[in-house]
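Please read the structure below before turning to the comments.
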Amino acid sequence: MKIKNKLSLYFTVTSSLLMLLIMAFIYLLFSNLTRNDFYQSLHERTEIAARLYLEADEISPIALNKTKNKYINSLPEEEILIYDSTNEIAFTKDSGKHWTKDIIDEVRKKKYLSYKENGKQIVGIYYHDNQGDFVILASAVDSYGQARKHKLLQIMGVLFCIQILIQFAASRWFAQKMLYPIQEVNKQVKKISATDLHLRVKTDSATDEIGLLALNFNGLLDRLEKSFDLQKMFVANSSHELKTPITNIIGEVEVALSRERTSEDYKENLLSVLAEAERLQTIITDFLLLTNAENNPDATVAAPVRIDELLWEIKEDFQTNSVQHIDIQLSSLPEEEKLLYVNANKALLTLAIKNVIQNGLKFSKNKPIVCILHISGKTRSIRIIDQGIGMEPEVLKNIFEPFFRSPSAKEYPGNGIGLYITKKIIELFNGRIEVSSQKGNGSCFNIIFEQ
Ligand code: ADP
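All residue numbers for the sequence shown refer to the working numbering, where the first residue is 1440 and numbers rise by one.
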């Protein structure tokens, strides 16, 4: 069932139940009043009968006449009986009806009694007169009251049906009006496909729920579009990155095979092929690491890694490979040993830090690198400072984008994904990376963990 219909139905049912309750209350109130009114009328009839029969000798002829006139207008199916102190009938208007001794005694005891029996209302009063003590009982059918109640029920029934119809129509109209923006959003969403990710849902208001839904949906589209663009760029760039070394390898091999060469020439060719193959291997390893870290972050096993030890290991690693100089400085080490640990995957974290150091060495043509570990409270920061070519502000904005390489970096080897991977790894372990640099004045990368 459509929300529009559901809403109208809920509204109608609730308001009809409420209406039913109100009507039931009015009906009960009305029947109560009618019943009491009729008891009152019966009471008056008993008093008229008493005056007419028991006090006829005591009142003036005019008053007696008036009472007689009143007495003539009897109630429907009226029966009036007057009993004396010995429970004998002293007066009866209509024959046939008798009240039991128990009822007469009860009236005498309570002085006033009213009740309902077989559709008739009965009132009994105790009457003391100079002629003695009497019990007067009067009964009648409240046919006017019944008819009025019946009429009221009919009116209420008709009103109830009309109310249901009006309520349903009105709630449908309101629901339609309220849900109209959703229909609009729906129509617009239908138009958006993977190829139209630039389209956005238009919204008039950002304060109501539907406006917020549209805004959130647009936010989701922003993120999707960005990630689609990134993917497209990644595929385009990575194909290019993979193609270049393969083309170079094919070129080298073709040159080598084009004619007979000396063993020296072949050696030179093979070395070039090896260099290109190694480049290819680095790119593929980086891609694999990146996809693993991006696609399956939960599967990346993390364990406490002692950062100072990791830095010494990295330094050693660089030094065994070449003569590069890395100066490790440990400033303000904590008393508590556990603050030296970061929860991360050692291999990935090593790769991330090495990428930054490698860049520092590369872009400074192997000038010394300073690596400062600073721990204050729960904040652990690793600052890597180089004396390289530095970067302009517009370069700084883009260095973490995949395949970005500044124009001045083009003369240095590289593929532009090192820092992208580094940032991903550090964020994977809840850290962040910041950079400050000036063209020609070296750069400072700061890797921070605050957990
Ligand atoms: P690659 O080093 O392979 O070019 P990266 O992702 O590591 O790729 O770096 C992206 C770009 O950021 C580099 O091409 C360079 O323009 C700039 N960059 C990174 N580190 C430094 C640095 N230490 N000094 C100057 N420029 C840097």
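The beta-carbon is built from N, C-alpha and C at its ideal position, and this holds for glycine as well.
Inset, instruction - Check whether the stretch 1599 to 1616 touches the stretch 1565 to 1580, taking contact to mean three or more Cβ pairs, one atom from each stretch, closer than 8 angstroms. - result: Taking a contact to require three or more Cβ pairs closer than 8 angstroms, the stretch 1599 to 1616 and the stretch 1565 to 1580 do not qualify as touching.
Inset, instruction - Using only the heavy atoms of the ligand ADP, determine whether one of them is closer than 8 angstroms to the beta carbon of V1809. - result: Your numbering for residue 1809 matches position 370 in the sequence shown. Because no heavy atom of the ligand ADP lies under 8 angstroms away, the Cβ of V1809 does not count as near it: no.
Inset, instruction - Under the assumption that V1413 contacts Y1478 (Cβ atoms under 8 angstroms), give the Cβ distance between them as a whole number of angstroms. - result: In this structure the chain extends from 1440 to 1890, so residue 1413 is not present and cannot be described.
Inset, instruction - Could you tell me which of V1834, E1840, Q1768, S1803 sits nearest to I1828, measuring between CA atoms? - result: As a working note, residue 1828 is residue 389 in the sequence shown. Distance check between I1828 and each of V1834, E1840, Q1768, S1803 places S1803 closest, using alpha-carbon atoms only.
Legend entry - CB of V1712 within 9 angstroms of CB of I1688, strictly: In the sequence shown, counting from the first residue as 1, residue 1712 sits at position 273. In the sequence shown, counting from the first residue as 1, residue 1688 sits at position 249. It is a contact, given that the beta carbons lie within the stated cut-off.
Legend entry - Among H1813, Q1797, I1864, nearest to N1782 - alpha-carbon criterion: Taking the first residue of the sequence shown as 1, we reach residue 1782 at position 343. Minimum Cα distance to N1782 is reached at I1864.
Inset, instruction - Spell out the partners DSSP gives V1740 in its beta bridges. - result: The residue you call residue 1740 lines up with position 301 of the sequence shown. In DSSP, V1740 forms no bridge with anything.
Inset, instruction - Consult DSSP for T1646 and reduce its assignment to one of helix, strand or coil. - result: Counting from 1 along the sequence shown, the entry for residue 1646 is found at position 207. Here T1646 sits in coil by DSSP.
Legend entry - Sheet register partners of V1874 (DSSP bridge): Residue 1874 sits at position 435 when you count from the first residue of the sequence shown. V1874 pairs with F1884.
Legend entry - Environment of A1791 [buried if 16+ CB atoms lie within 10 Å]: As a first step, residue 1791 must be located in the sequence shown, where it is residue number 352. Answer is buried; the Cβ neighbour count reaches 16.
Legend entry - P1852: CB within 8 angstroms of a non-hydrogen atom of the ligand ADP: Walking along the sequence shown from the start, residue 1852 turns up at place 413. Indeed, a heavy atom of the ligand ADP lies less than 8 angstroms from the Cβ.
Legend entry - Buried or exposed by the 16-neighbour rule on C-beta atoms within 10 Å, applied to I1465: Reading the sequence shown from its first residue, position 26 is the one you call residue 1465. Result: exposed.
Legend entry - Neighbour-count burial assignment, A1614, 16 or more Cβ in a 10 Å radius: What you label residue 1614 is simply residue 175 of the sequence shown in a count that begins at 1. It is buried - the Cβ of A1614 has at least 16 other Cβ atoms within 10 Å.
Inset, instruction - Assign T1451 to one of two classes, buried (16 or more other C-beta atoms within 10 Å of its C-beta) or exposed (fewer than that). - result: Residue mapping note: residue 1451 aligns to position 12 of the sequence shown, counting from 1. Flag for T1451 reads buried.
Legend entry - Alpha carbon of Q1606 to alpha carbon of S1644, nearest angstrom: Locating residue 1606 in the sequence shown gives position 167, counting from the first residue. Locating residue 1644 in the sequence shown gives position 205, counting from the first residue. Going by the C-alpha atoms only, they are around 28 angstroms apart.
Legend entry - Close Cβ partners of G1857 (< 6 angstroms) along its chain, the five nearest in sequence each way excluded: If you number the sequence shown from 1, residue 1857 lands on position 418. N1794, listed in sequence order.
Inset, instruction - Compute the beta-carbon to beta-carbon distance between S1677 and F1726, rounded to the nearest angstrom, for a pair I have assumed lies under 8 angstroms. - result: The residue labelled residue 1677 in the question sits at position 238 within the sequence shown. The residue labelled residue 1726 in the question sits at position 287 within the sequence shown. Separation of the CB atoms of S1677 and F1726 is rounded to 7 angstroms, and the pair is thereby assigned contact status at 8 angstroms.
Legend entry - K1793: CB within 8 angstroms of a non-hydrogen atom of the ligand ADP: The residue labelled residue 1793 in the question sits at position 354 within the sequence shown. Relative to the ligand ADP, K1793 has its C-beta separated by 8 angstroms or more from all heavy atoms.
Legend entry - Same chain, Cβ closer than 6 angstroms to S1553, five either side skipped, listed in chain order: Sequence index remark: in the sequence shown, residue 1553 carries index 114 (1-based). Cβ-Cβ distances below 6 angstroms link S1553 to Y1478, V1562 in the same chain, with the five nearest sequence neighbours on each side left out; the list follows chain order.
Inset, instruction - Report yes or no: is there a C-beta of chain C within less than 9 angstroms of the C-beta of I1828? - result: Structure shown: chain C not included; a single protein chain is present.
Inset, instruction - May I ask you to check if the CB of S1820 is nearer than 8 angstroms to at least one heavy atom of the ligand ADP? - result: Translated into the one-based positions of the sequence shown, residue 1820 becomes position 381. Exclusion of S1820 from the 8 angstroms shell around the ligand ADP follows from its C-beta lying no nearer than that to any non-hydrogen atom of the ligand.
Legend entry - Through-space distance from L1709 to V1692, alpha-carbon basis: Counting from one through the sequence shown, the residue named residue 1692 turns up at place 253. Counting from one through the sequence shown, the residue named residue 1709 turns up at place 270. About 8 angstroms.
Inset, instruction - Throw me the rounded Cβ distance for the L1749 and K1785 pair, which I believe falls under 8 angstroms. - result: As a first step, residue 1749 is located in the sequence shown; it is residue number 310 there, counting from the start. As a first step, residue 1785 is located in the sequence shown; it is residue number 346 there, counting from the start. Contact holds; Cβ gap of about 7 angstroms.
Inset, instruction - Taking 8 angstroms as the threshold, find out whether the stretch 1629 to 1638 comes into contact with the stretch 1651 to 1666 through three or more Cβ pairs. - result: Taking 8 angstroms as the limit for Cβ pairs, the verdict is that the stretch 1651 to 1666 does touch the stretch 1629 to 1638.
Legend entry - The beta strand (DSSP E) enclosing S1820, as first and last residue numbers: As a first step, residue 1820 is located in the sequence shown; it is residue number 381 there, counting from the start. Membership of S1820 in the beta strand (DSSP E) is indicated by the continuous run 1818 to 1824.
Inset, instruction - List the whole-angstrom C-beta distance separating A1488 from F1530, where the pair is believed to meet the contact cut-off of C-beta under 8 angstroms. - result: Position 49 of the sequence shown holds residue 1488. Position 91 of the sequence shown holds residue 1530. Taking a contact as a CB-CB distance under 8 angstroms, the pair A1488 and F1530 counts as one, their CB atoms being some 7 angstroms apart.
Inset, instruction - In the DSSP assignment, find the beta strand (DSSP E) that holds D1766 and state where it starts and stops. - result: Start at 1 with the first residue of the sequence shown, and residue 1766 comes out as number 327. Going by DSSP, D1766 is part of the beta strand (DSSP E) stretching over 1765 to 1770.
Inset, instruction - Throw me the rounded Cβ distance for the I1808 and I1824 pair, which I believe falls under 8 angstroms. - result: Against the sequence shown, residue 1808 aligns to sequence position 369. Against the sequence shown, residue 1824 aligns to sequence position 385. With a contact defined as Cβ atoms closer than 8 angstroms, I1808 and I1824 qualify at about 7 angstroms.
Legend entry - Cβ-heavy atom distance, M1830 to the ligand ADP, below 8 angstroms: As a working note, residue 1830 is residue 391 in the sequence shown. Under cutoff, so the answer is yes.
Legend entry - Span of the alpha helix (DSSP H), counted from its first residue to its last, around E1518: Indexing the sequence shown from 1 puts residue 1518 at position 79. Counting along the chain, E1518 falls outside any alpha helix (DSSP H), though it belongs to the beta strand (DSSP E) covering 1518 to 1522.
Legend entry - Between the CA atoms of Q1585 and R1484 - distance to the nearest angstrom: The residue given as residue 1484 occupies position 45 in the sequence shown. The residue given as residue 1585 occupies position 146 in the sequence shown. Inter-residue distance for R1484 and Q1585 is about 19 angstroms (C-alpha atoms, whole angstroms).
Legend entry - Beta-bridge pairing of I1564 - partner residues as DSSP gives them: Residue numbering aside, residue 1564 sits at position 125 when the sequence shown is read from its first letter. Looking at the DSSP assignment, I1564 forms a beta bridge with Y1551, I1575.
Legend entry - Nonlocal neighbours in the same chain, by C-beta distance under 7 angstroms from L1492, ignoring five residues either side: Taking the sequence shown and counting its residues from 1, the one referred to as residue 1492 is at position 53. Correcting the residue type first, residue 1492 is Tyr in the shown sequence and not Leu. Answer for Y1492: I1521, F1530, listed in chain order.
Legend entry - Alpha-carbon spacing of Q1670 relative to S1454, whole angstroms: Stepping through the sequence shown from its first residue, residue 1670 is reached at position 231. Stepping through the sequence shown from its first residue, residue 1454 is reached at position 15. Put simply, the backbone Cα of Q1670 is about 55 angstroms away from that of S1454.
Inset, instruction - Look up E1527 in the DSSP assignment and say whether it is helix, strand or coil. - result: Within the sequence shown, residue 1527 is the residue found at index 88, counting from 1. Coil.
Legend entry - Buried versus exposed call for M1595 [16 or more other C-beta atoms within 10 Å across all chains shown]: In the sequence shown, residue 1595 corresponds to position 156, counting from 1. Counting C-beta atoms within 10 angstroms of its own C-beta, M1595 has 16 or more neighbours from the protein chains shown and is therefore classed as buried.
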